[in-house]
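Worksheet for the structure shown next.
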Amino acid sequence: MLFGIEWDTSTSWAFAWSILPILLRGMVVTIQASLLGFFVALGLGLLLASLKGVPLKIIAWPAAFITEFLRDTPLLIQLFFLYYVLPDYGIVLPAFLTGALALGVQYSAYTAEVYRAGIQAVPRGQKEAARALNLSERLTFIHVILPQAVVRIVPAMGNYLVSIMKDVPVLSVVTVLEMLNVAKIIGDRTFNYLIPLTMVGALYLLLTLVAAWGVRVLDTRLPKRGIPLK
Amino acid sequence: MEWTRYIDPLLQGCWVTIELTVYSTILGTLLAFGAGMGKLSHNPLIKALSVTYIEVFRGTSLLVQLFWLYFALPLLGELIGLDLRFHPVTVGVLALGLNIGAYGAEVVRGAVQSVPRTQYEAAKALNFTRTQTLWRIALPQALPEMMPPFGNLAVQNLKDTALVSLISLGDLAFRAEQLRNLTQDSTTIYTMVLFMYFGMALVLAALMGLLERHVGRWRHRRR
């Protein structure tokens, strides 16, 4: 029994059918953690990308180092670091929040790169034209660069959301009850790992296919020339 | 100094991590070429097989794959009367290789497809056989295209090896967890481990950079 739902071990099909609602509970946690981690990554990545763009080397260089460091170290270790080290400094977070934070920290290195690449991909001529029209640097960024960069940034971010979903099972090590952890617990208690773990695989396939399809639709729907911010 | 006592056990873990990375990257490369070329094959069976492999392993989580191979596969073996229990090292290498191979397959496919059509047409006009076209025309041009994403995948693979500690393999992440249980000195240990992974990733990236120069050297010779 898990989440107050009993399983029925009489036949394989009955077992699979009875644990489906339990796994779906886990899936909800998986999606929640992905979304929260995604938003942290969006914010932290923007911060890192902005700091990297500062002309002052004393700010830009450490930001570049941190980005590289976060990209090159495993999510699992970053998660353990946050989970065990933060409480030593008086910051006690629930496992779910620590996990989402770790996802966000790891992926901020990737989203920072997406922001930078998206802004750099806007043709130089656009900036030059804005200058010729006497637009201030701030207005150029808000009304010329950003609207054109957004259409390149959004689909790339969508792909990282899908990647984050696939990394959520790592949070099971700090006792977050996401889909894989739920399946593992069912397996531990019934000695049947084959059915729950196979179902998790299938549910993951479904989840990522739907998400990837969503990203593709978003990509085709976005106006190629940019989104005006007014 | 307290932290120097951690160096030895952690370096032992590093060695296991390096071994796992090397083996699984080799396995992944083989699978990437197999499935990547398979996806471009005209044989519908080979194509379907490659596409299924790529979609399943890219569409599910690595940890799910690892747990499935470790916990579920032996039970499946029992069901069909085969002994499918493997050593954790085998399971780890298999899961990492299968996972990274699926990502690599898309890189291989993309690079081979990026070779201009006219190159194939010219090869045909010069009476090259299919094998000759592949080895002498397509691959020399496709390989340098594959190298930058392969470099990223290799580093990704190194980071992913940390997950095998969850099936009780004594890699760097596992050693760190052991030491933490023993000493409770989590700040020092995890800081050291983060920098060790960072160092290994930098070395790996540099090696992949050298390899990239090596496979692209013919381009510079001509100019």
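Sequence lines, in order, name chains A and B.
So in my numbering, spot 80 of the first sequence is number 80, and the numbers just go up one at a time.
Quick note, my numbering runs 1000 ahead of the 1-based positions in the second sequence.
In this text, a Cβ means the ideal position worked out from N, Cα and C, and glycines have one as well.
Quick caveat, the model's predicted, so the values are computed rather than measured.
Residue j beta carbon less than 9 angstroms from that of residue i
i                           : j                           : result
glutamate 1177 of chain B   : phenylalanine 80 of chain A : yes
valine 1164 of chain B      : glycine 1092 of chain B     : yes
lysine 1039 of chain B      : serine 1050 of chain B      : yes
tyrosine 1103 of chain B    : leucine 1153 of chain B     : yes
phenylalanine 96 of chain A : glutamine 148 of chain A    : no
alanine 1138 of chain B     : valine 1112 of chain B      : yes
glycine 26 of chain A       : leucine 177 of chain A      : yes
valine 1064 of chain B      : leucine 180 of chain A      : yes
methionine 1200 of chain B  : isoleucine 1007 of chain B  : no
glycine 158 of chain A      : leucine 218 of chain A      : yes
tyrosine 89 of chain A      : glycine 45 of chain A       : no
leucine 1098 of chain B     : leucine 1207 of chain B     : no
leucine 1194 of chain B     : phenylalanine 69 of chain A : yes
leucine 1210 of chain B     : valine 1016 of chain B      : no
glutamate 1212 of chain B   : proline 1144 of chain B     : yes
glycine 53 of chain A       : leucine 101 of chain A      : no
alanine 1095 of chain B     : tyrosine 1120 of chain B    : no
methionine 165 of chain A   : serine 1186 of chain B      : no
arginine 152 of chain A     : glycine 118 of chain A      : yes
isoleucine 185 of chain A   : asparagine 192 of chain A   : no
methionine 1147 of chain B  : valine 1203 of chain B      : no
leucine 1075 of chain B     : leucine 194 of chain A      : yes
isoleucine 98 of chain A    : valine 174 of chain A       : Checking the sequence, you will find threonine at residue 98 of chain A rather than isoleucine. Their beta carbons are under 9 angstroms apart, which means threonine 98 of chain A touches valine 174 of chain A by this criterion.
Within-9 angstroms CB hit, residue i to chain B
i                           : result
valine 92 of chain A        : no
phenylalanine 80 of chain A : yes
glycine 104 of chain A      : no
isoleucine 77 of chain A    : yes
tyrosine 107 of chain A     : no
serine 172 of chain A       : yes
methionine 165 of chain A   : yes
asparagine 192 of chain A   : yes
proline 169 of chain A      : yes
valine 200 of chain A       : yes
valine 234 of chain A       : Missing from the structure shown is residue 234 of chain A; chain A here goes from 1 to 230 and no further.
valine 71 of chain A        : Here residue 71 of chain A turns out to be arginine, not valine, going by the sequence shown. It does: the Cβ of arginine 71 of chain A has a partner Cβ on chain B nearer than 9 angstroms.
aspartate 8 of chain A      : no
valine 85 of chain A        : yes
tyrosine 160 of chain A     : no
leucine 205 of chain A      : yes
leucine 209 of chain A      : yes
proline 74 of chain A       : yes
leucine 20 of chain A       : no
leucine 23 of chain A       : no
leucine 197 of chain A      : yes
Extent of the continuous alpha helix (DSSP H) run through residue i
i                             : result
proline 196 of chain A        : 194-221
histidine 1042 of chain B     : From DSSP, histidine 1042 of chain B is part of no alpha helix (DSSP H); its letter is neither H nor E.
lysine 52 of chain A          : 12-53
glycine 158 of chain A        : 146-167
isoleucine 58 of chain A      : 57-72
lysine 184 of chain A         : 179-190
glycine 1077 of chain B       : 1073-1080
arginine 1117 of chain B      : 1117-1125
proline 1088 of chain B       : 1088-1113
tyrosine 84 of chain A        : 75-85
phenylalanine 1067 of chain B : 1062-1067
Neighbour flag for residue i against chain A, beta carbons, 9 angstroms
i                             : result
glutamine 1012 of chain B     : no
glutamate 1212 of chain B     : no
glutamine 1065 of chain B     : yes
arginine 1180 of chain B      : yes
threonine 1183 of chain B     : no
threonine 1187 of chain B     : yes
tyrosine 1006 of chain B      : no
leucine 1076 of chain B       : yes
phenylalanine 1071 of chain B : yes
alanine 1176 of chain B       : yes
leucine 1126 of chain B       : no
alanine 1173 of chain B       : yes
tryptophan 1015 of chain B    : no
tryptophan 1003 of chain B    : no
Cutoff 9 angstroms: residue i Cβ touching any chain E Cβ
i                        : result
tyrosine 1190 of chain B : The chain labelled as chain E is not found among the protein chains of the depicted structure, namely A and B.
*For the stretch 1028-1062 of chain B, which residues have a beta carbon sitting closer than 9 angstroms to at least one beta carbon of chain A?*
Glu1055, Val1056, Arg1058, Gly1059, Thr1060, Ser1061 and Leu1062
_Length-filtered (4 minimum) alpha helix (DSSP H) runs lying within the stretch 107-139 of chain A_ = 124-132
_Please identify, using Cβ separations under 9 angstroms, the residues of the stretch 1154-1166 of chain B that lie next to chain A, in order along the chain._
Val1155, Leu1158, Lys1159, Asp1160, Thr1161, Ala1162, Leu1163, Ser1165 and Leu1166
*Anything in the stretch 108-126 of chain A with a Cβ closer than 9 angstroms to a Cβ of chain B? List those residues in chain order, please.*
none
*Any residues in the stretch 31-44 of chain A with a beta carbon nearer than 8 angstroms to a beta carbon of chain B? Which ones, in chain order?*
none
*What are the start and end residues of each continuous alpha helix (DSSP H) run of 4 or more residues lying completely inside the stretch 1158-1210 of chain B, in chain order?*
1172-1183
*Between the stretch 175-188 of chain A and chain B, which residues of the former have a C-beta closer than 9 angstroms to a C-beta of the latter?*
Met179, Leu180, Ala183, Lys184 and Gly187
*Name the residues in the stretch 1193-1204 of chain B whose C-beta lies less than 8 angstroms from a C-beta of chain A; which are they?*
Val1193, Leu1194, Tyr1197, Phe1198, Ala1201 and Leu1202
*According to a CB-to-CB cut-off of less than 7 angstroms, which residues of the stretch 134-162 of chain A neighbour chain B?*
none
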